[in-house]
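Scroll down for the structure; my scribbles are underneath it.
In UniProt numbering, the protein residues as written are 1 to 468.
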(Lines of atoms letter the chains of each structure in order from A and count residues from 1; the text may use other names and numbers.)
(Lines give C-alpha, C1' and ligand atoms only; values in the text may rest on other atoms or scores of the structure.)
Protein backbone atom coordinates (compact mmCIF):
# COMPACT_ATOMS: atom_id res chain seq x y z
CA UNK A 1 0.00 0.00 0.00
CA UNK A 2 3.06 2.25 0.04
CA UNK A 3 2.81 2.96 -3.70
CA UNK A 4 1.35 6.19 -4.99
CA UNK A 5 -1.69 4.53 -6.61
CA UNK A 6 -3.02 3.83 -3.13
CA UNK A 7 -3.20 7.57 -2.43
CA UNK A 8 -4.57 8.75 -5.76
CA UNK A 9 -7.88 10.61 -5.98
CA UNK A 10 -8.24 11.33 -2.25
CA UNK A 11 -11.85 12.09 -1.33
CA UNK A 12 -13.07 15.37 0.09
CA UNK A 13 -14.13 14.21 3.52
CA UNK A 14 -17.51 15.31 4.82
CA UNK A 15 -18.52 14.43 8.39
CA UNK A 16 -22.21 15.05 7.66
CA UNK A 17 -22.44 13.14 4.36
CA UNK A 18 -24.82 10.22 3.98
CA UNK A 19 -28.40 9.61 5.09
CA UNK A 20 -27.36 7.74 8.25
CA UNK A 21 -25.78 9.08 11.41
CA UNK A 22 -22.74 8.71 13.66
CA UNK A 23 -22.89 6.98 17.04
CA UNK A 24 -20.59 5.08 19.40
CA UNK A 25 -20.34 1.32 18.97
CA UNK A 26 -17.79 -0.95 20.62
CA UNK A 27 -15.69 2.04 21.63
CA UNK A 28 -15.46 3.53 18.13
CA UNK A 29 -17.33 6.29 16.36
CA UNK A 30 -19.26 4.62 13.56
CA UNK A 31 -21.41 5.77 10.68
CA UNK A 32 -24.56 3.62 10.68
CA UNK A 33 -27.28 3.27 8.06
CA UNK A 34 -30.33 1.06 7.82
CA UNK A 35 -32.74 -0.44 10.31
CA UNK A 36 -31.20 -1.20 13.71
CA UNK A 37 -33.81 -3.96 13.98
CA UNK A 38 -32.23 -5.93 11.14
CA UNK A 39 -30.60 -9.18 12.22
CA UNK A 40 -28.13 -8.94 9.33
CA UNK A 41 -25.22 -6.53 9.36
CA UNK A 42 -22.57 -5.48 6.87
CA UNK A 43 -19.39 -3.93 8.19
CA UNK A 44 -17.68 -1.61 5.68
CA UNK A 45 -14.01 -1.15 6.45
CA UNK A 46 -12.56 1.90 4.77
CA UNK A 47 -9.36 2.61 2.93
CA UNK A 48 -6.79 4.94 4.52
CA UNK A 49 -9.03 7.97 3.96
CA UNK A 50 -11.49 6.84 6.58
CA UNK A 51 -15.16 6.77 7.32
CA UNK A 52 -16.10 10.33 6.34
CA UNK A 53 -15.59 9.71 2.60
CA UNK A 54 -18.92 10.57 0.89
CA UNK A 55 -18.74 7.77 -1.68
CA UNK A 56 -18.15 5.23 1.07
CA UNK A 57 -21.14 6.49 3.02
CA UNK A 58 -23.25 6.44 -0.17
CA UNK A 59 -22.27 2.78 -0.57
CA UNK A 60 -23.31 2.14 3.03
CA UNK A 61 -26.71 3.68 2.33
CA UNK A 62 -27.07 1.56 -0.81
CA UNK A 63 -26.30 -1.66 1.08
CA UNK A 64 -28.70 -0.61 3.83
CA UNK A 65 -31.44 -0.23 1.22
CA UNK A 66 -31.13 -3.99 0.62
CA UNK A 67 -32.16 -4.71 4.20
CA UNK A 68 -28.83 -4.76 6.01
CA UNK A 69 -27.81 -2.76 9.05
CA UNK A 70 -24.57 -1.16 7.88
CA UNK A 71 -21.73 -0.04 10.12
CA UNK A 72 -18.69 1.98 8.99
CA UNK A 73 -16.25 2.39 11.91
CA UNK A 74 -13.73 5.19 12.34
CA UNK A 75 -10.67 2.98 12.78
CA UNK A 76 -8.35 5.99 12.70
CA UNK A 77 -9.90 7.82 15.65
CA UNK A 78 -10.30 11.08 13.72
CA UNK A 79 -6.87 10.76 12.09
CA UNK A 80 -7.29 9.50 8.50
CA UNK A 81 -4.36 9.72 6.12
CA UNK A 82 -3.87 13.28 4.86
CA UNK A 83 -1.76 13.41 1.67
CA UNK A 84 -1.26 17.15 2.10
CA UNK A 85 0.63 16.57 5.35
CA UNK A 86 4.12 16.15 3.93
CA UNK A 87 5.61 15.61 7.37
CA UNK A 88 3.59 12.43 7.79
CA UNK A 89 3.85 10.24 4.68
CA UNK A 90 2.20 6.83 4.48
CA UNK A 91 5.06 4.87 6.15
CA UNK A 92 4.89 7.19 9.16
CA UNK A 93 1.08 7.32 9.32
CA UNK A 94 0.73 3.56 9.01
CA UNK A 95 2.83 3.00 12.14
CA UNK A 96 -0.06 4.48 14.11
CA UNK A 97 -2.78 2.74 12.12
CA UNK A 98 -1.77 -0.80 11.25
CA UNK A 99 -4.36 -3.26 10.01
CA UNK A 100 -3.50 -5.49 12.99
CA UNK A 101 -4.82 -2.76 15.28
CA UNK A 102 -7.90 -2.43 13.07
CA UNK A 103 -8.54 -6.15 13.49
CA UNK A 104 -8.37 -5.88 17.28
CA UNK A 105 -10.58 -2.78 17.27
CA UNK A 106 -13.21 -4.70 15.33
CA UNK A 107 -13.78 -7.33 18.00
CA UNK A 108 -15.65 -5.03 20.44
CA UNK A 109 -17.73 -3.73 17.52
CA UNK A 110 -18.78 -7.28 16.65
CA UNK A 111 -19.65 -8.01 20.25
CA UNK A 112 -21.73 -4.83 20.44
CA UNK A 113 -23.61 -5.83 17.28
CA UNK A 114 -24.36 -9.28 18.65
CA UNK A 115 -25.64 -7.73 21.87
CA UNK A 116 -28.13 -5.79 19.72
CA UNK A 117 -29.50 -9.04 18.29
CA UNK A 118 -27.52 -9.21 15.05
CA UNK A 119 -27.19 -12.86 14.01
CA UNK A 120 -25.05 -12.69 10.86
CA UNK A 121 -22.32 -10.26 9.81
CA UNK A 122 -20.55 -9.73 6.53
CA UNK A 123 -17.48 -7.54 6.17
CA UNK A 124 -16.23 -5.69 3.09
CA UNK A 125 -12.82 -4.06 3.09
CA UNK A 126 -11.37 -1.58 0.63
CA UNK A 127 -7.59 -1.31 0.26
CA UNK A 128 -6.33 -1.04 3.90
CA UNK A 129 -9.65 -2.45 5.12
CA UNK A 130 -9.27 -5.66 3.13
CA UNK A 131 -6.48 -6.87 5.40
CA UNK A 132 -8.75 -6.40 8.40
CA UNK A 133 -11.51 -8.34 6.67
CA UNK A 134 -9.31 -11.27 5.72
CA UNK A 135 -8.15 -11.54 9.34
CA UNK A 136 -11.79 -11.66 10.45
CA UNK A 137 -12.37 -14.40 7.88
CA UNK A 138 -9.45 -16.47 9.17
CA UNK A 139 -10.93 -16.54 12.66
CA UNK A 140 -14.53 -16.99 11.46
CA UNK A 141 -15.66 -13.86 13.27
CA UNK A 142 -17.93 -13.03 10.33
CA UNK A 143 -20.14 -15.05 8.00
CA UNK A 144 -18.91 -13.68 4.66
CA UNK A 145 -16.14 -11.45 3.33
CA UNK A 146 -15.58 -9.17 0.34
CA UNK A 147 -12.22 -7.65 -0.57
CA UNK A 148 -12.30 -4.68 -2.95
CA UNK A 149 -8.95 -3.68 -4.49
CA UNK A 150 -7.16 -5.13 -1.42
CA UNK A 151 -3.78 -4.12 0.01
CA UNK A 152 -1.49 -6.14 2.28
CA UNK A 153 -3.41 -9.37 1.60
CA UNK A 154 -1.12 -12.33 0.98
CA UNK A 155 -1.38 -15.80 -0.49
CA UNK A 156 -1.14 -17.22 3.03
CA UNK A 157 -4.07 -15.05 4.11
CA UNK A 158 -6.24 -16.51 1.35
CA UNK A 159 -5.12 -20.04 2.20
CA UNK A 160 -6.27 -19.49 5.78
CA UNK A 161 -9.68 -17.93 5.08
CA UNK A 162 -12.66 -19.91 6.36
CA UNK A 163 -15.79 -18.04 5.24
CA UNK A 164 -17.30 -17.37 1.80
CA UNK A 165 -15.18 -14.70 0.12
CA UNK A 166 -15.45 -12.46 -2.93
CA UNK A 167 -12.38 -10.65 -4.24
CA UNK A 168 -12.88 -7.79 -6.68
CA UNK A 169 -9.70 -6.53 -8.26
CA UNK A 170 -8.71 -4.09 -10.98
CA UNK A 171 -6.87 -4.61 -14.23
CA UNK A 172 -4.63 -1.57 -13.55
CA UNK A 173 -4.00 -2.15 -9.85
CA UNK A 174 -0.34 -1.95 -8.80
CA UNK A 175 -1.20 -2.75 -5.19
CA UNK A 176 -2.86 -6.12 -5.86
CA UNK A 177 -2.11 -6.75 -9.53
CA UNK A 178 -4.06 -9.26 -11.64
CA UNK A 179 -1.26 -11.82 -11.33
CA UNK A 180 -1.70 -11.87 -7.55
CA UNK A 181 -5.47 -12.17 -7.83
CA UNK A 182 -5.00 -15.11 -10.20
CA UNK A 183 -2.99 -16.79 -7.43
CA UNK A 184 -5.81 -16.07 -4.99
CA UNK A 185 -8.28 -17.59 -7.46
CA UNK A 186 -6.21 -20.76 -7.87
CA UNK A 187 -5.95 -21.21 -4.11
CA UNK A 188 -9.68 -20.73 -3.63
CA UNK A 189 -10.44 -23.14 -6.47
CA UNK A 190 -8.58 -25.80 -4.47
CA UNK A 191 -10.78 -25.12 -1.40
CA UNK A 192 -14.30 -26.21 -2.43
CA UNK A 193 -15.42 -25.99 1.20
CA UNK A 194 -15.03 -22.21 1.00
CA UNK A 195 -17.40 -20.56 -1.47
CA UNK A 196 -15.50 -17.97 -3.46
CA UNK A 197 -15.70 -15.52 -6.32
CA UNK A 198 -12.81 -13.64 -7.90
CA UNK A 199 -13.11 -11.05 -10.65
CA UNK A 200 -10.65 -8.65 -12.24
CA UNK A 201 -12.57 -5.62 -13.48
CA UNK A 202 -11.27 -4.27 -16.80
CA UNK A 203 -9.94 -0.74 -17.38
CA UNK A 204 -10.11 0.37 -13.74
CA UNK A 205 -7.45 1.23 -11.16
CA UNK A 206 -6.89 0.68 -7.46
CA UNK A 207 -9.58 2.41 -5.40
CA UNK A 208 -12.13 2.54 -8.20
CA UNK A 209 -15.05 1.34 -6.05
CA UNK A 210 -14.92 4.26 -3.60
CA UNK A 211 -12.67 6.98 -5.07
CA UNK A 212 -14.53 7.67 -8.30
CA UNK A 213 -15.71 11.02 -9.64
CA UNK A 214 -19.50 11.18 -9.32
CA UNK A 215 -19.56 13.41 -12.41
CA UNK A 216 -17.87 10.77 -14.58
CA UNK A 217 -20.54 8.29 -15.82
CA UNK A 218 -18.11 5.54 -16.81
CA UNK A 219 -16.38 5.64 -13.42
CA UNK A 220 -19.72 5.56 -11.61
CA UNK A 221 -20.88 2.63 -13.75
CA UNK A 222 -17.71 0.65 -13.02
CA UNK A 223 -18.03 1.27 -9.28
CA UNK A 224 -21.71 0.33 -9.25
CA UNK A 225 -20.98 -2.94 -11.02
CA UNK A 226 -18.60 -3.90 -8.22
CA UNK A 227 -21.09 -2.76 -5.59
CA UNK A 228 -23.72 -5.02 -7.14
CA UNK A 229 -21.34 -7.99 -7.09
CA UNK A 230 -20.54 -7.33 -3.45
CA UNK A 231 -24.24 -7.43 -2.62
CA UNK A 232 -25.11 -10.54 -4.59
CA UNK A 233 -23.31 -12.89 -6.98
CA UNK A 234 -24.34 -13.89 -10.49
CA UNK A 235 -25.22 -17.27 -9.04
CA UNK A 236 -28.48 -15.87 -7.66
CA UNK A 237 -29.62 -13.78 -10.62
CA UNK A 238 -32.96 -14.39 -12.32
CA UNK A 239 -34.48 -16.63 -9.65
CA UNK A 240 -37.35 -18.76 -11.01
CA UNK A 241 -40.96 -18.55 -9.85
CA UNK A 242 -41.26 -21.99 -8.28
CA UNK A 243 -44.33 -24.08 -9.08
CA UNK A 244 -44.88 -27.39 -7.26
CA UNK A 245 -47.37 -28.61 -9.91
CA UNK A 246 -45.34 -27.68 -12.98
CA UNK A 247 -44.30 -30.34 -15.49
CA UNK A 248 -46.09 -33.35 -16.99
CA UNK A 249 -44.57 -35.81 -14.50
CA UNK A 250 -45.32 -36.25 -10.81
CA UNK A 251 -43.68 -36.21 -7.39
CA UNK A 252 -42.95 -39.38 -5.42
CA UNK A 253 -40.60 -40.62 -2.73
CA UNK A 254 -37.36 -42.17 -3.93
CA UNK A 255 -34.42 -43.10 -1.74
CA UNK A 256 -35.82 -41.02 1.10
CA UNK A 257 -36.21 -37.84 -0.97
CA UNK A 258 -39.17 -36.30 -2.71
CA UNK A 259 -38.41 -36.44 -6.41
CA UNK A 260 -40.06 -35.15 -9.57
CA UNK A 261 -40.11 -38.06 -12.03
CA UNK A 262 -40.90 -38.07 -15.72
CA UNK A 263 -40.86 -40.80 -18.36
CA UNK A 264 -41.49 -44.51 -18.32
CA UNK A 265 -40.64 -46.23 -15.02
CA UNK A 266 -39.94 -49.36 -17.12
CA UNK A 267 -36.95 -47.73 -18.79
CA UNK A 268 -33.62 -49.28 -17.86
CA UNK A 269 -31.88 -45.97 -18.55
CA UNK A 270 -32.12 -43.05 -16.13
CA UNK A 271 -30.99 -39.42 -16.07
CA UNK A 272 -30.63 -37.69 -12.73
CA UNK A 273 -31.03 -33.90 -12.92
CA UNK A 274 -29.37 -32.17 -9.96
CA UNK A 275 -30.76 -28.67 -9.56
CA UNK A 276 -29.21 -25.33 -8.81
CA UNK A 277 -29.87 -23.64 -5.44
CA UNK A 278 -33.48 -22.88 -6.42
CA UNK A 279 -34.47 -26.51 -6.27
CA UNK A 280 -36.66 -29.05 -7.99
CA UNK A 281 -39.85 -26.99 -8.39
CA UNK A 282 -38.37 -24.66 -11.02
CA UNK A 283 -40.63 -24.93 -14.10
CA UNK A 284 -37.80 -24.70 -16.64
CA UNK A 285 -35.97 -27.53 -14.87
CA UNK A 286 -39.06 -29.75 -14.92
CA UNK A 287 -39.61 -28.86 -18.57
CA UNK A 288 -36.07 -30.05 -19.27
CA UNK A 289 -36.80 -33.27 -17.38
CA UNK A 290 -39.86 -33.87 -19.57
CA UNK A 291 -37.79 -33.18 -22.70
CA UNK A 292 -35.14 -35.73 -21.68
CA UNK A 293 -37.86 -38.25 -20.77
CA UNK A 294 -39.31 -37.91 -24.28
CA UNK A 295 -36.06 -39.42 -25.56
CA UNK A 296 -36.67 -42.64 -23.66
CA UNK A 297 -35.01 -41.97 -20.31
CA UNK A 298 -36.59 -42.26 -16.90
CA UNK A 299 -35.79 -38.84 -15.40
CA UNK A 300 -35.48 -38.10 -11.69
CA UNK A 301 -35.14 -34.62 -10.15
CA UNK A 302 -34.64 -34.96 -6.38
CA UNK A 303 -35.51 -32.34 -3.80
CA UNK A 304 -32.09 -32.10 -2.18
CA UNK A 305 -33.17 -29.17 -0.05
CA UNK A 306 -36.11 -30.85 1.73
CA UNK A 307 -38.55 -28.11 0.82
CA UNK A 308 -36.04 -25.39 1.67
CA UNK A 309 -34.58 -24.03 -1.62
CA UNK A 310 -32.60 -20.81 -1.53
CA UNK A 311 -34.92 -17.81 -1.26
CA UNK A 312 -33.22 -14.52 -2.19
CA UNK A 313 -36.08 -12.55 -0.62
CA UNK A 314 -35.31 -14.02 2.80
CA UNK A 315 -32.96 -11.30 4.01
CA UNK A 316 -32.12 -13.03 7.28
CA UNK A 317 -30.72 -16.03 5.44
CA UNK A 318 -28.26 -14.97 2.76
CA UNK A 319 -26.50 -17.50 0.56
CA UNK A 320 -23.58 -18.00 2.97
CA UNK A 321 -25.95 -18.95 5.78
CA UNK A 322 -28.24 -21.10 3.59
CA UNK A 323 -25.27 -23.05 2.23
CA UNK A 324 -24.32 -24.22 5.71
CA UNK A 325 -27.53 -26.29 5.73
CA UNK A 326 -27.28 -27.41 2.12
CA UNK A 327 -23.69 -28.22 1.18
CA UNK A 328 -23.01 -30.15 -2.00
CA UNK A 329 -21.26 -32.79 0.14
CA UNK A 330 -24.62 -33.55 1.76
CA UNK A 331 -26.24 -33.62 -1.68
CA UNK A 332 -23.70 -36.23 -2.76
CA UNK A 333 -24.47 -38.43 0.25
CA UNK A 334 -28.22 -38.00 -0.25
CA UNK A 335 -27.85 -39.23 -3.84
CA UNK A 336 -26.55 -42.66 -2.87
CA UNK A 337 -29.91 -44.01 -1.58
CA UNK A 338 -31.60 -42.58 -4.68
CA UNK A 339 -29.21 -44.52 -6.92
CA UNK A 340 -29.80 -47.70 -4.91
CA UNK A 341 -33.57 -47.24 -5.22
CA UNK A 342 -33.24 -46.80 -8.99
CA UNK A 343 -31.17 -49.96 -9.32
CA UNK A 344 -33.73 -51.87 -7.28
CA UNK A 345 -36.32 -50.81 -9.90
CA UNK A 346 -34.21 -52.43 -12.63
CA UNK A 347 -32.35 -49.37 -13.91
CA UNK A 348 -29.03 -50.48 -15.40
CA UNK A 349 -27.37 -47.20 -16.45
CA UNK A 350 -27.56 -43.70 -14.99
CA UNK A 351 -26.34 -40.32 -16.16
CA UNK A 352 -26.20 -37.26 -13.92
CA UNK A 353 -26.49 -33.63 -15.01
CA UNK A 354 -25.78 -30.91 -12.48
CA UNK A 355 -26.55 -27.21 -12.83
CA UNK A 356 -24.63 -24.66 -10.74
CA UNK A 357 -24.76 -26.16 -7.19
CA UNK A 358 -25.67 -29.50 -8.75
CA UNK A 359 -22.49 -29.50 -10.82
CA UNK A 360 -20.49 -30.26 -7.70
CA UNK A 361 -22.74 -33.19 -6.83
CA UNK A 362 -22.49 -34.58 -10.36
CA UNK A 363 -18.69 -34.39 -10.41
CA UNK A 364 -18.48 -36.20 -7.05
CA UNK A 365 -20.64 -39.00 -8.50
CA UNK A 366 -18.25 -39.14 -11.45
CA UNK A 367 -15.21 -39.42 -9.19
CA UNK A 368 -16.63 -42.53 -7.51
CA UNK A 369 -18.05 -44.00 -10.73
CA UNK A 370 -21.55 -44.08 -9.26
CA UNK A 371 -22.94 -42.94 -12.63
CA UNK A 372 -22.10 -43.90 -16.20
CA UNK A 373 -21.84 -40.32 -17.53
CA UNK A 374 -21.90 -36.76 -16.24
CA UNK A 375 -22.79 -33.34 -17.61
CA UNK A 376 -21.96 -30.11 -15.79
CA UNK A 377 -23.95 -27.05 -16.86
CA UNK A 378 -22.55 -23.70 -15.65
CA UNK A 379 -21.10 -25.45 -12.58
CA UNK A 380 -20.27 -23.92 -9.22
CA UNK A 381 -17.74 -25.08 -6.62
CA UNK A 382 -16.08 -27.49 -9.09
CA UNK A 383 -12.28 -27.44 -8.87
CA UNK A 384 -9.36 -28.47 -11.03
CA UNK A 385 -8.75 -31.38 -8.66
CA UNK A 386 -12.34 -32.54 -9.13
CA UNK A 387 -11.85 -32.71 -12.88
CA UNK A 388 -8.53 -34.53 -12.45
CA UNK A 389 -10.32 -37.18 -10.40
CA UNK A 390 -13.32 -37.75 -12.68
CA UNK A 391 -13.64 -41.28 -14.06
CA UNK A 392 -16.67 -41.32 -16.35
CA UNK A 393 -17.43 -39.58 -19.66
CA UNK A 394 -18.05 -35.92 -18.87
CA UNK A 395 -19.37 -32.91 -20.76
CA UNK A 396 -18.92 -29.40 -19.36
CA UNK A 397 -21.04 -26.59 -20.76
CA UNK A 398 -20.05 -23.09 -19.67
CA UNK A 399 -21.01 -19.54 -20.53
CA UNK A 400 -18.80 -16.83 -21.99
CA UNK A 401 -20.12 -14.33 -19.43
CA UNK A 402 -20.14 -16.73 -16.48
CA UNK A 403 -18.41 -15.15 -13.50
CA UNK A 404 -18.91 -18.18 -11.22
CA UNK A 405 -17.06 -20.64 -13.47
CA UNK A 406 -15.40 -18.26 -15.94
CA UNK A 407 -14.02 -19.34 -19.32
CA UNK A 408 -10.46 -19.31 -17.95
CA UNK A 409 -11.40 -22.02 -15.45
CA UNK A 410 -13.18 -24.08 -18.09
CA UNK A 411 -10.07 -23.86 -20.26
CA UNK A 412 -8.13 -25.43 -17.38
CA UNK A 413 -10.75 -28.18 -17.17
CA UNK A 414 -10.41 -28.76 -20.92
CA UNK A 415 -6.62 -29.03 -20.71
CA UNK A 416 -6.83 -31.54 -17.88
CA UNK A 417 -9.38 -33.66 -19.73
CA UNK A 418 -7.29 -33.54 -22.90
CA UNK A 419 -4.49 -35.17 -20.91
CA UNK A 420 -6.83 -38.01 -19.87
CA UNK A 421 -7.73 -39.82 -23.12
CA UNK A 422 -9.21 -42.68 -21.11
CA UNK A 423 -12.04 -40.36 -20.02
CA UNK A 424 -14.25 -39.22 -22.88
CA UNK A 425 -14.91 -35.50 -22.59
CA UNK A 426 -16.46 -32.47 -24.22
CA UNK A 427 -16.03 -28.87 -23.08
CA UNK A 428 -17.79 -25.93 -24.67
CA UNK A 429 -18.05 -22.27 -23.76
CA UNK A 430 -21.32 -20.94 -25.12
CA UNK A 431 -21.07 -17.38 -26.46
CA UNK A 432 -22.94 -14.37 -25.05
CA UNK A 433 -24.58 -16.24 -22.15
CA UNK A 434 -24.23 -15.91 -18.37
CA UNK A 435 -24.27 -18.27 -15.43
CA UNK A 436 -27.58 -20.12 -15.17
CA UNK A 437 -28.55 -19.65 -18.81
CA UNK A 438 -29.70 -23.26 -19.34
CA UNK A 439 -32.37 -23.01 -16.61
CA UNK A 440 -33.07 -19.42 -15.65
CA UNK A 441 -34.06 -18.08 -19.03
CA UNK A 442 -37.12 -16.01 -19.92
CA UNK A 443 -39.58 -18.01 -22.02
CA UNK A 444 -40.50 -14.80 -23.83
CA UNK A 445 -36.91 -14.14 -24.88
CA UNK A 446 -36.40 -16.12 -28.09
CA UNK A 447 -32.62 -15.77 -28.08
CA UNK A 448 -32.40 -16.96 -24.46
CA UNK A 449 -34.63 -19.96 -25.22
CA UNK A 450 -32.55 -20.82 -28.28
CA UNK A 451 -29.30 -20.68 -26.30
CA UNK A 452 -30.73 -22.90 -23.56
CA UNK A 453 -32.10 -25.41 -26.06
CA UNK A 454 -28.73 -25.70 -27.75
CA UNK A 455 -27.15 -26.72 -24.43
CA UNK A 456 -30.05 -29.08 -23.69
CA UNK A 457 -29.44 -30.86 -27.02
CA UNK A 458 -25.72 -31.23 -26.26
CA UNK A 459 -26.53 -32.67 -22.84
CA UNK A 460 -29.06 -35.09 -24.29
CA UNK A 461 -26.69 -36.20 -27.07
CA UNK A 462 -24.07 -36.95 -24.40
CA UNK A 463 -26.43 -39.16 -22.44
CA UNK A 464 -27.71 -40.94 -25.57
CA UNK A 465 -24.09 -41.77 -26.40
CA UNK A 466 -22.86 -42.88 -22.98
CA UNK A 467 -25.88 -43.99 -20.93
CA UNK A 468 -26.83 -47.29 -22.48
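Beta carbons are placed, not taken as given, at the ideal position from N, Cα and C, and that holds for glycine.
Beta-carbon spacing of residue i, residue j below 8 Å
i	j	result
residue 349	residue 467	yes
residue 458	residue 411	no
residue 80	residue 168	no
residue 278	residue 310	yes
residue 143	residue 321	yes
residue 182	residue 151	no
residue 352	residue 272	yes
residue 20	residue 53	no
residue 346	residue 297	no
residue 207	residue 308	no
residue 395	residue 357	no
residue 424	residue 391	no
residue 303	residue 257	yes
residue 172	residue 137	no
residue 26	residue 57	no
residue 118	residue 161	no
Residue i, DSSP secondary structure in three states
i	result
residue 102	helix
residue 420	coil
residue 371	coil
residue 13	coil
residue 3	With a pLDDT of 46 at residue 3, under the threshold of 50, the modelled position of that residue is not reliable, and no figure is offered here.
residue 456	helix
residue 426	strand
residue 262	strand
Residue i burial status per 10 Å Cβ neighbour count (16 or more: buried)
i	result
residue 494	Only positions 1 to 468 of the chain appear in this structure, which leaves residue 494 out of reach.
residue 385	exposed
residue 281	buried
residue 306	exposed
residue 38	buried
residue 422	exposed
residue 195	buried
residue 443	exposed
residue 265	exposed
residue 84	exposed
Boundaries of the alpha helix (DSSP H) in which residue i is found, first to last residue
i	result
residue 59	54-64
residue 301	No alpha helix (DSSP H) contains residue 301, which is instead part of the beta strand (DSSP E) from 298-302.
residue 158	155-160
residue 187	178-189
residue 439	Neither: residue 439 is in no alpha helix (DSSP H) and is coded neither H nor E.
Residue i, enclosing beta strand (DSSP E) - first and last residue
i	result
residue 355	349-355
residue 123	120-126
residue 269	269-274
residue 94	Per DSSP, residue 94 belongs to no beta strand (DSSP E); it is in the alpha helix (DSSP H), 90-96.
residue 204	196-205
residue 253	250-254
residue 146	144-148
residue 171	165-172
residue 33	28-33
Interface flag, residue i vs chain C, CB-CB below 8 Å
i	result
residue 456	In the structure shown, chain C does not exist; there is a single protein chain.
Inter-stretch contact (C-beta, 8 Å, three-pair minimum) for the segment 63-73 and the segment 88-96: no
Do three or more CB pairs link the segment 89-108 to the segment 236-255 at distances below 8 Å? no
Under 8 Å, with one C-beta from each stretch per pair, do the segment 331-347 and the segment 192-212 reach the 3-pair mark? no
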